[in-house]
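Student:
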Amino acid sequence: MRINKTRMALTVVILIVGIIFALSVKNIVELRIEQKNLKKENVELKAEKKKLEAELKNVNDKNYIEEQARTQLNMIKPGEILYITGDDDNKGKSNEK
């Protein structure tokens, strides 16, 4: 009778340790997947940051401001004629002097 109780207690302890181990492994796998995704997102954000920093350098450039006014706001210089066709917003614009 004593051997059965000891064997049963040992079996329960082994099951508990096995469950704890399985949960730990699952947690580690999930954390590694999350780490991989965060590294990928970090690379993308660094590329976007670099692009925005380059654009920021141009913000005070007169030619850049003029280009943005023409493409985003459809602004033209005096004496120019703006033609808008049925194409995409940016593809259908043509300025003449």
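First residue of the sequence shown: 48, per the numbering used here; consecutive thereafter. For each residue, glycine too, the CB sits at the ideal point set by N, CA and C.
Taking the straight line between their C-alpha atoms, what separation do you get for Gly133 and Ile80?
Tutor: So the two alpha carbons sit approximately 46 Å from each other.
Student: If you follow the alpha helix (DSSP H) that Ile112 is in, where does it begin and where does it stop?
Tutor: First-last of the alpha helix (DSSP H) with Ile112: Lys109 to Leu120.
Student: Return the CA-CA distance between Pro125 and Lys97, expressed in angstroms with no decimal places.
Tutor: Each residue's alpha carbon lies about 36 Å from the other.
Student: When DSSP builds the beta bridges, which residues end up paired with Ile61?
Tutor: In DSSP, Ile61 forms no bridge with anything.
Student: Just to confirm the assignment, what range does the beta strand (DSSP E) spanning Ile128 have?
Tutor: It spans Ile128 to Ile131 - the beta strand (DSSP E) in which Ile128 sits, taken as one unbroken run.
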